[in-house]
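Notes follow the structure.
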Amino acid sequence: MARKIVPFVLAVFIALLSVPKVQAVGSPNLALTEDTVSSESNKESSYNEQKYHDYLSQYEAAARPEREIVLEAAKYSRVEGTEFKKLEDFEGMDGDSLLTGESGKVEWSFDVQEAGLYHLSLLYYPIEGKSSAIERDLSIDGKRPFREAAFLQFDRIWNNQKSQVVRDNQGNELRPKQVEKPRWSEKSFQDSDGYENEPFLFYFSQGKHTITLESTREPMVVKQLKLFQQPSPLSYDQVLQQYEADGMKATDGQLITIEGEASIAKSSPTLYPLSERSSAAVTPYSASKIKINTIGGLNWRLPGQWMEWEVDVPETGLYNIAFKTQQNYVRGIYSTRRLTIDGETPFKEMEKVAFRYKSAYRLDVMGGDSPYMYRLEKGKHTLRLEVSLGEFAPLIREVEGSLYNLNEMYRKILMITGTKPDEYRDYQIDKKIPDLLRVFKEESERLKGIAKQLVTLSGQSSDQEALLKTMAVQLDEMIEKPETVPRRLTAYKTNTGGLGTWVQQARQQPLEIDSIYVASPGKKMPKKGMGFASKLKHQTSTFISSFFTDYNQIGNISEDDEQQSITVWIGSGRDQANTMKAMIDETFTSVTGINVNLKLVNMGTLLPATLANQGPDIAMQIENDLPVNFAMRNASADLTQFADFEEVKERFRSSAIVPYSYDGGVYALPETQTFNMLFYRKDVLDELELDIPQTWDDVSNLLAVLSKNHMQFGLPVVAQAAVQGQNIPPNSMYTTLLFQNGGELYRNGGKESDLDSRIGIETFKQWTEFYTDYKLEREYDFSNRFRTGQMPIGIADYTTYNQLSVFAPEIRGMWGFAPVPGTIQEDGSINRDVPSGGSAVVMMKKAKDKDAAWEFMKWWTSETTQTVFGREMEGLMGAAARYPTANIKALDSLPWPVDDYENLKAQFEWVQGVPEVPGGYFTGRHLFNAFYKTVVGQVEARESIMDYVQYMQDEISTKRKEFGLPQ
């Protein structure tokens, strides 16, 4: 056995040395051996920097000088980049300010007279950008003090565009559009993840120092930075004594009601007013019509998000404050808010206000049975509620730290056992990973302690701590019997995946607010609609009204037969449809006079509805294969008939038009366009001393190292259609290699498949060898494996970026994406061609008013409309819903971090369209069959592809004959 292994290892080593661009050479850690698995990387990188908690522990005994140092932004010592400009008396702020763009660095030099810990704040103005939060990376004396300082966020200010709620012609109130209302704001530097309830403290020794801010996303104007000590609020008992000393008296008979939806400022466009139709307790209320009557809900869940309301107090004195709220989202923990009045926390207890679970609306009086009293002077005041993790912050931070450590152990175990360990073999895991049992013991004790604290805080047992206990029990069992670790690996991975989900969900602190009451002590608060009789009446009324409401219709409905009108079908969610309808009414119908009847439907009904003459004029968000398939059957309109088509076509890359082109015509306009990127884990590649592969030779080289460490490289999934009968496009990995090798899917103008050409066959062989020789996975969950590090590098659709940003907070800053590896050409250049997918908007052939329909299609695919819709979607549902628009200029306007967008643009230059031809649906289907015949059936690649290409040729020929096309 040993004699067989030695030549293999030598062969791998020689192969690595023979590649010109070697990605992992010259280190004994090229592949971590089975003898021992190192627990630390030698490199110091951004992702393994110390965290704030560890940083602060180094300076626990440091002084906190009562000094203030103000740095004028315009008096910088150095800048890098061109996006900086001094501004004078900007937006009412006297003196000079500094405009900082979305890239570049600015540095300030200053002297510290007294060493110690200081808070840092920034006075800024959020100028117009791409509508997302502003982000900066902080360095002190040229070095980032701790990891969290790389993600400092500064809020934009949002509010309703119109002061009054607008109704459609059905009597339903429309969701108010959110627009920016910028103002000068001062914000202390704090943790954007919310794991620290207090602003960051920074240690400065006596002497000269520099502070550097690097722009990573969005521009802003900065007036000054300030080093200072932020005072801690007094306890309620101390404040009560102050009231007595100042002679403050309780007011009498006052009740001020502020509707939740009347918020005057928010930190995010997602915090728009909502319609609550499930309860009679809300105001205003209707059982049949949509009323804008609450705010918050699931949209108001992330740490740092805040909303403000204005309170006009009729007389000076002491008041109680109460909220009519609904918190039926999270059990086992409670939602926490920080309450401030006029920018200050009234007393210590308001830093962590708890809103506990209840299935219906409730009245939350601050202070409970012994209500707190708040001092308010006569006049207007600003009340703010900000999402905080409160008492749960250190617990969630600890679980996230535990998760990272357990995932690291999982990777080390994989390096020895692989993903399918031999259950009869003793791998001696505890000896080959010396710190394994120690880490398991530490994490088990940590998780048990956190579970106990959760019960203490919430006052009850719940599913929140059940998962933590399950993980701890499994760790204890593995500590007791280390030899069983390989057999338990699947369950271990499942439990760590569950921990990741726990962290993600525990960070969410939703709360819905109907009303805010500011009342004199003893004044009775309104509870209308909360009783049993009100609930019964509400349920009866909604049941009856359901028989008379058309839930498919969205917004205004055209009622005048003589007025220009078109019918548009959309197959996405109601939120998207509502947003689209609001945009149509505001910027399309009001300008063109063309009414749009927007209907939310299952797009699977499009074909039968068209055949029955019941179809729409325009269908939106349809898959790439449908426009040409409808065109073959004379069911979709040729857009080249319109005089300005060529001008409209310039909005998109030529590759986006390819799938909709047929027989000299174009039968749809692209809405979205997606393509693959290479995702990679920075920390894991660094640990293995691997670089990002540039070519497929580099990938082969990298695969040897990953395989040695029992890790995986992810190629696009090879899977059946999710729904039976759904079209399978040609596999994007095969198409990538085909295009890079100079091949094509069809020849002779789409009359024949070209997969039986020399290039087609060689490409098929190259593609299948990744699975036959390197044993790559065919089907897998990329996001989960990427998260654990089991698959530290892989090729996936670029929209996976959005999912990872939200789905895996524990690896924030530890991953990136880059253009896919390419194929070296004869001239030495690298071809990185990739195919694209996407969706389209199509005009049906039987549209009654084609000119009106064309006007709508032009409006919808325009730069302005696509930009607004993209930002609205991200505002509505967060970063996970970032819109992959096909409009070139609109994509530039979406809020991507600068470095990531540069990589995206670099790959976009290589994107190629996938043509659709009659019978082309057989291409993806039989390419899939040929793949499995070779990879699973072990039939030679050339034989498999040649057999199945014949089916493709026959179907193309049959369909061309059916549609009367030349053979």
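96 is the number of the first residue of the sequence shown in my numbering; add one for each residue after it.
C-beta atoms are modelled at their ideal positions from N, C-alpha and C, and glycine is treated no differently.
Being a predicted model, the structure only gives us computed values, none of them experimental.
Where the beta strand (DSSP E) through Tyr219 begins and ends: Gly211 to Tyr220
CB contact flag (Glu268, Ile353, <9 angstroms): no
Spatial distance of Val132 from Asn292 (CA atoms): Annotation note: pLDDT 39 at Val132 (below 50); position unreliable, no value reported.
Identity of the residues DSSP links to Ser192 by a beta bridge: Leu182
Backbone CA spacing between Phe1003 and Ser749 [nearest angstrom]: 11 angstroms
Helix, strand or coil at Arg520 according to DSSP, with G and I counted as helix: coil
CB-CB length for Thr769 against Asp876, believed under 8 angstroms: Not a contact, Cβ separation roughly 19 angstroms.
Run of the beta strand (DSSP E) containing Glu864, from where it starts to where it stops: Per DSSP, Glu864 belongs to no beta strand (DSSP E); it is in the alpha helix (DSSP H), Arg853 to Thr867.
Presumed contact (8 angstroms Cβ cut-off) between Leu631 and Ile665, rounded CB distance: Going by Cβ atoms, the distance from Leu631 to Ile665 rounds to 36 angstroms, so no, they are not a contact pair.
Through-space distance from Asn843 to Gly1015, alpha-carbon basis: 14 angstroms
Asp236 classed as buried or exposed, judged by whether at least 16 other C-beta atoms fall within 10 angstroms: exposed
Residue-level contact to chain C via CB, His148, 9 angstroms cutoff: In the displayed structure, chain C is absent; only one protein chain is listed.
Coil, strand or helix - Phe808 by DSSP: strand
Cβ pair Tyr498, Glu782 closer than 9 angstroms: As written in the sequence, residue 498 is Leu, which differs from the Tyr given in the question. Contact flag unset, no.
Nearest candidate by alpha-carbon position, reference Gly195, set Phe205, Lys303, Ser258 and Leu308: A small correction: the amino acid at residue 195 is Thr; Gly does not occupy that position in the sequence shown. The shortest Cα separation from Thr195 among Phe205, Lys303, Ser258 and Leu308 belongs to Leu308.
Rounded distance between the beta-carbons of Leu570 and Glu518, thought under 8 angstroms: Not quite, the Cβ-Cβ distance comes to about 20 angstroms (not below 8 angstroms), so this is no contact.
Three-state class that DSSP yields for Thr177 in the structure shown: coil
Terminal residues of the alpha helix (DSSP H) in which Tyr1016 lies: Tyr1016 to Val1030
Selection from Arg873, Leu151 and Tyr755 that minimises the alpha carbon distance to Glu243: Leu151
Residue interval of the beta strand (DSSP E) (run including Pro765): Leu764 to Arg776
Spatial distance of Leu369 from Leu999 (CA atoms): 35 angstroms
Residue environment, Thr579, which counts as buried when at least 16 other CB atoms sit within 10 Å: exposed
Cβ-based neighbour list, Val753, same chain, cut-off 8 angstroms, excluding 5 preceding and 5 following: Gln1007, Gly1008, Val1009 and Pro1010
Three-pair Cβ contact test at 8 angstroms for the segment 179-197 versus the segment 157-164: no
Lys984: first and last residue of the uninterrupted alpha helix (DSSP H) it sits in: Ile983 to Asp987
Given Gly845 as reference, the closest of Leu434, Leu706, Gln319 and Tyr757 once Cα atoms are compared: Tyr757
Every unbroken alpha helix (DSSP H) within the segment 553-614, with a cutoff of 4 residues, ordered by chain: 558-575 and 584-601
Environment of Ser1066 [buried if 16+ CB atoms lie within 10 Å]: A query on residue 1066 cannot be resolved here, the shown segment of the chain reaching from 96 to 1062 and no further.
The segment 441-448 in contact with the segment 324-344 per 3-pair CB rule at 8 angstroms: yes
Cβ-Cβ distance between Arg479 and Ile436 below 9 angstroms: yes
As assigned by DSSP and simplified to three states, the class of Met909: coil
Best match in Tyr978, Lys527 and Pro581 for proximity to Gln716 [C-alpha to C-alpha]: Tyr978
Close-in-space but distant-in-sequence residues of the same chain around Lys1028 (CB under 7 angstroms, 5 per side omitted): Val1034 and Ser1039
CA nearest to the CA of Gln807, picked from Leu366, Ser227 and Leu509: Leu509
Spatial neighbours of Ala1001 in its chain, beta-carbon cut-off 7 angstroms, leaving aside the 5 residues before and after: Pro914
Inter-residue spacing [alpha-carbon to alpha-carbon] between Thr863 and Ala726: 35 angstroms
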